[in-house]
């Protein structure tokens with residue numbers, strides 16, 4: 022059974038804190054993605070990575086950065102958390118053509 | 056740019072009634088389209104993809120290139136179909152999602 026694991030299910034952070042959201046996949050997939058999921062807005066792509074140390078901006082990268090030091094791990098970083106970053110964050114892995122996206126359970130981040 | 060449009064945020068149908076969730080896309084190339092579903096307290100998962108032309112859990116979706124649509128249909132809705140449904144478009148190596156439709160099947 023393929024697995025994408027997000028280390029935290031719920032996080033509460035204060036404005037201005039540096040926040041790390043961790044995602045690990047055991048599928049040996051090159052491609053990994055970070056989305057945020059908001060009611061009425063659907064899933065919006067923040068960043069994605071198609072290989073170790075490679076990263077590409079998605080539609081809403083402002084206020085975020087990512088790290089992909091190892092193939093299995095893709096971290097999302099909020100350098101200085103703000104209240105408008107309160108959201109559900111979804112990590113996904115993808116093996117390429119003819120493969121579906123595999124999602125993690127999500128991390129619900131609240132910034133107060 | 057709005058690549059995937061799901062016009063209905065909320066949809067309610069009675070059990071046993073037909074259901075159709077609409078999806079329109081904007082893409083000049085050859086599209087690859089998917090429907091993903093998220094049941095309560097579960098992770099987002101693939102429901103079906105257009106190239107497989109399968110029926111999954113009684114759902115089907117046909118790609119209509121002329122109307123740039125990929126509507127999801129089921130002839131007889133069941134209570135367990137209540138969930139959030141997202142239409143997704145794959146272009147190159149990026150997936151773009153619609154805003155989602157929350158389906159409620161009324162017993």
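Protein chains in written order, with my numbering: chain A, 22 to 133; chain B, 56 to 162.
Beta carbons: idealized from backbone N, C-alpha and C, even for Gly.
Item, Value
"At least one CB of chain A closer than 7 Å to the CB of residue 98 of chain B: is that the case?", "yes"
"I need the DSSP call for residue 133 of chain A, collapsed to helix, strand or coil.", "coil"
"So residue 75 of chain A is in the beta strand (DSSP E); what residue range does that whole segment cover?", "First-last for residue 75 of chain A: undefined, no H or E at that position."
"Would you say residue 153 of chain B faces chain A, with C-beta separation under 7 Å as the test?", "yes"
"Considering just the uninterrupted stretch of the beta strand (DSSP E) at residue 114 of chain A, what are its terminal residues?", "108-115"
"Can you give me the C-alpha to C-alpha distance between residue 119 of chain B and residue 125 of chain B, rounded to a whole angstrom?", "6 Å"
"Can you tell me which of the three DSSP states residue 148 of chain B falls into?", "coil"
"List the DSSP bridge partners of residue 99 of chain A.", "A/40 and A/85"
"Out of B/99, B/115 and B/88, state which residue places its alpha-carbon closest to the alpha-carbon of residue 119 of chain A.", "B/88"
"With a threshold of 7 Å between beta carbons, is residue 114 of chain A in contact with chain B?", "no"
"Along the segment 102-130 of chain A, where does the CB come closer than 9 Å to a CB of chain B? Name the residues.", "111, 113, 115, 117, 118, 119, 121, 122, 123, 124, 125, 126 and 127"
"May I ask you to report which of helix, strand or coil DSSP gives residue 75 of chain B?", "strand"
"Do the segment 56-65 of chain B and the segment 30-39 of chain A touch if we need at least three Cβ pairs shorter than 8 Å?", "no"
"What are the start and end residues of the beta strand (DSSP E) that includes residue 116 of chain B?", "115-119"
"Pull up the distance between the alpha-carbon of residue 147 of chain B and that of residue 83 of chain B, whole angstroms please.", "12 Å"
"Which partner residues of residue 111 of chain B appear in the DSSP bridge assignment?", "B/114"
"Alpha carbon to alpha carbon, what distance is there between residue 143 of chain B and residue 55 of chain A?", "15 Å"
"Does any C-beta atom of chain B lie closer than 7 Å to the C-beta of residue 97 of chain A?", "no"
"Taking 6 Å as the line, does the beta carbon of residue 73 of chain A fall inside it for any heavy atom of the ligand ADP?", "What this structure holds is no ligand at all, so the ligand ADP is not there to describe."
"Using a Cβ distance threshold of 8 Å, determine whether the segment 92-105 of chain B contacts the segment 130-145 of chain B, with at least three qualifying pairs required.", "yes"
"Residues in the segment 57-77 of chain A with C-beta within 7 Å of chain B's C-beta atoms, listed in sequence order?", "61, 62, 63, 64, 66, 69 and 71"
"What would DSSP say about residue 59 of chain A, mapped onto helix, strand or coil?", "strand"
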